[in-house]
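Residue numbers (our numbering): 194 to 291.
We put the CB at the ideal spot given by N, CA and C, even for glycine.
Here is the structure we will look at.
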Amino acid sequence: IGSQQFGVAETPDQDEHEALRIMNKVRPYGGTPLTSHIEDIHRAVSTMTNDLRASGRRVVIVIATDGLPTNRSGVSGAHEREEFVNSLRLLEGLPVWV
């Protein structure tokens with residue numbers, strides 16, 4: 194399924210039901226490519242940084258996982274965990290809450 198991105202309360206008609214609907218349809222399988230997802234998030238937030246800071250807002254990042262970080266081939270080990278930690282460090286200084 195890949196990463197799941199959604200907003201909550203971005204518009205007046207959004208509510209927690211949409212978030213629950215999305216979360217309930219996801220089923221764990223395969224690898225856990227957390228690093229690539231964090232890198233995608235970093236790129237997306239980087240493009241919004243000026244607007245977010247100007248409006249005093251932040252992006253909330255929730256990491257929900259069923260396993261340790263893997264590479265795209267499904268391999269998990271010390272190297273993949275180190276890469277994941279380094280990807281999280283990319284978020285430092287951005288207007289985010291993790």
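Contact check, residue i vs residue j, beta carbons under 8 angstroms
i	j	result
H230	L283	no
E276	T242	no
V289	V255	no
S280	E232	yes
Per-residue DSSP class, three states only, for residue i
i	result
V278	helix
V289	strand
T225	coil
R220	coil
Residue i - partner residues in DSSP beta bridges
i	result
V255	In the DSSP output, where bridge partners are listed per residue, V255 has none listed.
Beta-carbon proximity list for residue i, same chain, < 6 angstroms, skipping 5 on both sides
i	result
G224	T263, G267
Residue nearest to residue i in terms of C-alpha spacing, selected from the options
i	options	result
G260	A212, I215, P221	P221
L287	K218, I215, S239, E232	S239
Sequence-distant residues of its chain with Cβ nearer than 8 angstroms to residue i (five each side left out)
i	result
P226	P262, T263, N264, R265
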